[in-house]
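Chains as they are written, first to last, in our numbering: chain A, 2 to 623; chain B, 719 to 1588.
Note that CB positions come from ideal geometry on N, CA and C, so glycine has one too.
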Amino acid sequence: MNGLLIACQLLPLLGLLLIMTSNGSEKTITTISVWLSRAMGLSVASLLALWAVSGFPQYEYQWFTLYQQDDYSFPILFYLDKVGAAYLFCVWTIFAIIVKYCRVYLHREQGYKRFFQTIFGFVFGLNLIVLSGSIDMLFAGWEIVGISSFLLIAFYRHRPQPVRNALRAYTIYRFCDVGLLLGAWMSHLLFHESQHFSELASLFQNPEFEPSGYAALSLLSWLIILAASGKSAQFPFSFWLPRAMEGPTPSSAIFYGALSIHLGVFLLLRTLPIWSYQLLPRVMVFSIGLLTVIVASLSEKTQSNIKGQVAYASITQVGLMFIELSLGLESLVLLHFMGNAFLRCYQLLVSPSIVAHLLRVEGAVDSDFYVKTSHLEFLPISIRDSLPEVLQNTLYVFALQEGHLERLVRNILWEPLKRIGQTLNRINVWLKALVGLALIGLVAVVMATGNIDGNTYAAIPVSFCMVLVSLSAFSQKRSPFKVWNGVALSSSLAGIAVWLMNPQALNDVLLFLTGIIPAWLLGIWVLSRILKQDNFAENPFIYRAVAETHPGLSLLLFLSFLGLVGFPITPAFLGEDLLLSHASSHHPWFAAPITIAFVVNGIAIARVFLRLCMGRPSEVCN
Amino acid sequence: MVMIDDYHRFVSLPVEVKNTVMTSHTDSASGFDLDASLDHLAHWLPSQGPIKDFIHHNTLHAFQHLSFHDGISVASKLFGARSYLPMADYQKLFQQGRITPAALDWSIAHNNDGDNSATLRQSLFIEDKHSHYPPLSLANHGIRSAWMSHLETDLNALVHPVLFRLLSNYLDQGISRWALPKNGERFWDCVLRLAQNSLLPLYPFHIAVIRPLLKLTPEQVIASCLQQMVGDEALYEQYLLEVLLSHPGWSGMVRIVETQPNALLARRLISLKEMLAVELLCELAFVHKRKGEQFLTVTQLPNLAKTPLLTGDVLTPKVPLKLKIWHEAMEWALHTELLAAITRPTPATPEKTSPQAQALFCIDDRECSLRRYLEAAHPSIETFGAAGFFGIDFLYQGLDDAYPVAQCPAVITPKHLVTEHDDQPPVAKKPQTEQLSKLHFNAHSLWRGWLYTQTLGLGYAVRMAWNVFNPTSQIPGVKTLSEVEAHSHLHLLRESDEPTSDGHLLGFSLTEMADKIGGLLRNIGLTHNFAPLVVVVAHGSSSVNNPHFAAYDCGACSGKPGAPNARAFAWMANHAGVREILRERGIDIPDSTQFVPALHNTSRDEISYFDQTDAESYQLSEFKSAMQHALQRNARERCRWFELGPQSHSNQEAHQHVLARSSSIFEPRPELNHSNNLYCIIGRRDLTRHLFMDRRAFLHSYHPDTDADGEILSKILSAVIPVCGGINLEYLFSRIDNSVYGAGTKLPHNVIGLLGVANGVEGDLRTGLPSQMIEVHEPSRLLIVIEQSRALIDNAISKIGGLKEWLDNDWIRLASCEPNHHGLFLYRKTGWEVIEIPNDLSVPSGKQSESIIVGKTTTIPVHQLTGGQA
């Protein structure tokens, strides 16, 4: 069983690597993907059979420990229970169908290789999430799924619209990842060694012994709920999902119809013991579900395009799943998940048939809606005539603008950050240099004195600067160098702050920086190559299509981007987790600045990457 | 509602409004004439109607008054599109021998104005990666783009989602559950209603600067917005054009609905003016929001002189000579392949016997190979070609159709309505909404949706897997074309001259029928020597999961399957009364002759015969078996294009493959339609019967001797030029620049409001053909070869009116093949030009079709078939 678990996990990765190194011919890619999907099917089937034979246990397996220091360890841990089994089964079934489907559907399409690479990466991430035994590993999978979604939305990279929508989805993902990152850290804090999913349930079974304080547990629950609602496009993040339908239809079907939209549900199922322990988070999940159902089912009514309609129908069902979850109907949720995943996947795949179906078979069904006046007879006549009209218009406007959610989120989350950043960017260079010098001085003084208390106080201005630098990078639109430098600087400041707080963490800080610094240097080098003959500030808003003109450079820039945002390919990913656990075990306040910086950095740098690498080569003959 | 409906009242008293918004420019009767300007701009917009009837037309019809090369040059400067293939493609074709040196010389001689042609010829072979790129264009580099980058505001990204949502919800034909417009409400009134009479603000029309403008008429709104954003009236027209071209798909659709309201089933009242008013209001709102009260107008832009201006030389053509020469050389090389083959002596044909059966096909290039195989399968079968509506234009409503559709080319407006009737008492139909197999299409209430998802969702896993892994099976519940109700008949004979409520005549009178039948038989030269069996073969195409399905059907039937026309034709031609009248007019159809209607399914290569009640005649069963054989060989010939198809020699396997294609939900290319269409031959079948033309020719039958004054030819030309020319040029332009003239790849398409497709949820409507339809197309203009003397052709051309433009401006090439001595002449505006086929040009030959196609994956030159009839 252990071997099968590892096989289920690693086969997609193998596929990704094989396709990446293949010669890119359709035939080779097809052979690889078909055989791997078969092999995966075999291992999934035998795994589930073995698991069933041994009586549906809650099975855990620790492969090895990736990193161990003091009381911190990062084990590679697998976990299988009925939730995982249901998800694993769905992932494989839908993946196998999509592979077969795309073999023909994507025939002769530019980016055939890119597409298959990305969906293998996606399935790798999914299996990582589904089989992970701890929140840390789940987070790694979460990030992989996020990045591959981002790449598939921007699949048609020469057009600005998919690229814009990819960024939109990515920002929401990024923001909600905070929930999971902080959640991972808090679970370290609260449950120490016991953050294994397998042990979660038992932890909460003893009613006399509270696993941790009320406040801390609530906070952890909220963070998890935030992460879940972002990924599942629940209130108030619903708006990104329909707009993510920019890639080839099967990719929309597998991602947004079937699988990735249900990951939030999975997260909630996995962490059920944590958040269902108290009433308040339960009420929250219930209200999120309810609000989503209301907004999404109304929005669905006015979607005049088929994919948007399926998207909102799917969101509505996931909202219902949230409600079911809050009522503790676990098995019903699992059944509901599978039904919804298959139905939406199918609906999206056959969505082009809608014209033939509605016009040839049924004739146009030009529908209409009215607020019934018969119920309003108790009202005075003047109101009875105009009120339904007003209400109807209001309802329509509400549905048409999809509950105003997008503007709500933008105004609350991004606009303030942007405004601070813009103010910062307007500040005189000398003033900034002065602050920088002061900071260095401060650090030097602290180092010289070696005072432990002083260290903590020194860390406060350092982390404050870290946030400011991030925000400045976030609002920087005219120079990609400044963005890259800003992000690297902000990450380094995070390292320094941690080191100031906890000098024993020097090794971990260095580990973190060994991820960040090379990525930054690589990025700067690539940027200087790309922008050699180009004055970026002159036309900061055009897409420069480097991915098409210089695919090599674009790939390097992408790697640098992944390194800087702490994607699990460099030590920075582990480092990030370590920094959090070190610093905030004693100073919980530090979690706030470092996560803000984490989110904002990711978005700033993704935006630069898109502006530079996506788009259509400028086709002007002069 | 009251305050919205009466916005005109505000117009009559706009005193306080004028004070607030029209401070500097109170005179509304200014020099700028909005209506004239919009009429002028609108003819540049794509004229593709709703996707349910896809009608092929010249993508650049607005430029037809210019010569072909000038036209595409001006178009490229407006739209920012490519005009030719990359230079390297032509050079490669030359190296491969498809462009012959003779054709290149011909092209240089025809396009060189006295320069040194040797140096010119040399310069053609210099590597050049850029010259085919689009020029600076109004769509991409105009004043609006300059203004937007100056403001650092991407108005398109902000305005388009708002506008497209309003437009698509307003025009929607049935996808959304709640329709936006109330009965007869105009677009502008609708937007006003939502903006002014809702408790929630309609973003961005709630902004303070916008609110007073909502009280004006659309004209006044446009004037006011332009004045605030553009400034100088001289730039208004260009600004409006650039706004329209930032989303050509929606602009064109709005214009179509405005000018042809019956293009939509659920009528909508909208005009470009209203759309622009809403759009400009949005733009103004966002500019205000971003930049406040003070912002630079377009007129005040610093580098205005550097941007291309509509008043400047944008409309002056600038043709890249080298690409033009290459392109014409390619076309001429391809055209010569046919011209050489028809002038070569034909191999000895067996003595003509009286035909056992005759088959009347559509002119469509997809029937070209089927006719070849059918004739090979049974030498005593004669085939004819005519436009696939068979000369009978009518509106048709089938048993299950929700509404009648026109069964004739788009240029004809039918006056007659034909309905299908059931011979059996109607069976009570199951209510369709409750059919389980169609569950995923239908609207549900929230709780039912929950219930269905919970219970039936898992079933879709099975269904999906079945569809994907076993595609040959029928998709349940989707009717194929060939399934026609066995017990139905067309109501053709008119009983009363009383028109229906829509003003149509229900059916035809006997005289009208005789007119139609006689007219067509004369057109194709079939007036005597009738075989005992005449099969009228219409065509259609079945595909699944394909919003562009209408583009696959018969172009001469406005994108519908032609079965009703074939059935009508056969019924009329079999009618004793009609035959009586025809006999008086000199067409004697013997009583023993039987007309049988049939439908060829071009994607599945299947045929179905209609209206057969009696026992099958000997000829018909002979014909059926010959046809079955021909269809299988035809399927194999088609399979040579399908990389994923079987590359074996088995006809059976090939046929299985095309069947699977047509019913696979994952197959974006059920067939390749008109790809590589190139020739149109109007003449006797004897001219082409011995030729292998690689499914590239539209074939119209015509007997040069029966047409004394060119009357018949002019009728043929007036159907052939718009139908075949439209198909040819739409393929050509979609291939040359698929992202501007075409619809891009099908894969991310999303169906919008049953009107068209767009990329993603908030994209512009995509017009033209998707890349999957045109990727193997060789973009060359159509060559019409007419077997008739020049004088008669001149005579005929003088009668086709406006269509002459297509020929005079070289959008179509036309050649005369003089009967009897086979002299060839090319039509030019200035007069006929002798075509000299180089003597060293050999016409390849093959024993039979299979030996020619074996191993070939690109287009094949015209071959002579030397016999070996299977």
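Taking 9 Å as the cut-off, decide whether the C-beta atoms of residue i and residue j are in contact.
| i | j | result |
| --- | --- | --- |
| B/Glu1334 | B/Gln1074 | no |
| A/Tyr88 | A/His263 | yes |
| B/Ile1383 | B/Asn1538 | no |
| B/Trp1529 | B/Leu1396 | no |
| B/Pro1497 | B/Ile1454 | yes |
| B/Leu1542 | B/Leu1532 | no |
| B/Ser916 | A/Val398 | yes |
| A/Ser476 | A/Ala598 | no |
| A/Ala234 | A/Pro569 | no |
| A/Gly1 | A/Leu490 | Not covered by the structure: residue 1 of chain A. The range shown for chain A is 2 to 623. |
Alpha carbon to alpha carbon, how far is residue j from residue i? Give it in angstroms, no decimals.
| i | j | result |
| --- | --- | --- |
| B/Thr1485 | B/Gln766 | 7 Å |
| A/Leu557 | B/Leu962 | 39 Å |
| A/Leu581 | A/Ser188 | 12 Å |
| B/Ser825 | B/Arg1546 | 14 Å |
| B/Ile773 | B/His1045 | 26 Å |
| A/Gly616 | A/Ser288 | 41 Å |
| B/Leu854 | B/Leu1033 | 12 Å |
| B/Ile769 | A/Ala53 | 51 Å |
| B/Ala806 | B/Asn830 | 21 Å |
| B/Gly1585 | B/Ala1094 | 9 Å |
| B/Thr1548 | B/Leu1405 | 28 Å |
| A/Trp415 | B/Arg929 | 27 Å |
| A/Leu528 | B/Pro1265 | 43 Å |
| B/Pro1388 | B/Ala1378 | 9 Å |
| B/Thr1311 | B/His1222 | 32 Å |
| B/Leu1228 | B/Ala1294 | 10 Å |
| A/Arg109 | B/Ala984 | 38 Å |
Between the Cα of residue i and those of the options, spot the shortest distance and give me the residue it belongs to.
| i | options | result |
| --- | --- | --- |
| A/Cys346 | B/Arg1166, B/Arg973, B/Phe1079 and B/Gly1177 | B/Gly1177 |
| A/Leu328 | A/Thr119, A/Leu270, A/Asn394 and A/Ile570 | A/Leu270 |
| A/Asn3 | A/Val45, A/Leu18, A/Ser38 and A/Glu27 | A/Val45 |
| B/Lys1590 | B/Ala1077, B/Ala1437 and B/Val1469 | No statement about residue 1590 of chain B is possible, as the shown extent of chain B runs from 719 to 1588 and does not include it. |
| B/Ile1504 | B/Lys1565, B/Val1561, B/Gly1428 and B/Ile1571 | B/Gly1428 |
| A/Ile99 | B/Phe750, B/Asp1083, B/His1408 and B/Glu1385 | B/Glu1385 |
| B/Leu759 | B/Asp890, B/Thr777, B/Ser849 and B/Leu958 | B/Leu958 |
| B/Glu937 | B/Ala754, B/Arg1090, B/Pro1063 and B/Leu1317 | B/Ala754 |
| A/Phe123 | A/Pro13, A/Phe236 and A/Leu227 | A/Pro13 |
| A/Ser261 | A/Phe96, A/Thr571, A/Met448 and A/Lys433 | A/Phe96 |
| A/Phe343 | A/Leu268, A/Ala297, A/Pro251 and A/Trp276 | A/Pro251 |
| A/Val484 | A/Asn341, A/Pro389 and A/Ala605 | A/Ala605 |
By the criterion of Cβ-Cβ separation under 8 Å, what are the contact partners of residue i in chain E?
| i | result |
| --- | --- |
| B/His1467 | Absent from the structure: chain E. Protein chains present are A and B. |
Using 8 Å as the cut-off, classify the Cβ of residue i as near or not near the heavy atoms of the ligand SAH, replying yes or no.
| i | result |
| --- | --- |
| A/Lys83 | Looking at this structure, you won't find the ligand SAH or any other ligand, since it has none at all. |
Problem - Cβ contact (3+ pairs, closer than 8 Å) linking the segment 1493 to 1508 of chain B and the segment 389 to 396 of chain A - result: Touching, no.
Exercise for the section: Tell me the start and end of each unbroken alpha helix (DSSP H) in the segment 1362 to 1433 of chain B that is at least 4 residues and wholly inside, in chain order. Expected result: 1369 to 1380
Exercise for the section: Indicate whether the contact test is met: 3 or more Cβ pairs, each with one atom in the segment 76 to 93 of chain A and one in the segment 6 to 14 of chain A, closer than 8 Å. Expected result: yes
Handout entry: 3 or more residues per run - each beta strand (DSSP E) lying fully within the segment 461 to 546 of chain A
Key = none
Practice task
Pick out the complete beta strand (DSSP E) segments inside the segment 1529 to 1586 of chain B, 3 residues or longer, and give them in chain order.
Solution key: 1531 to 1535, 1542 to 1544 and 1581 to 1583
Exercise for the section: Give a yes or no on contact between the segment 1048 to 1064 of chain B and the segment 1210 to 1226 of chain B, applying the rule of three or more CB pairs nearer than 8 Å. Expected result: no
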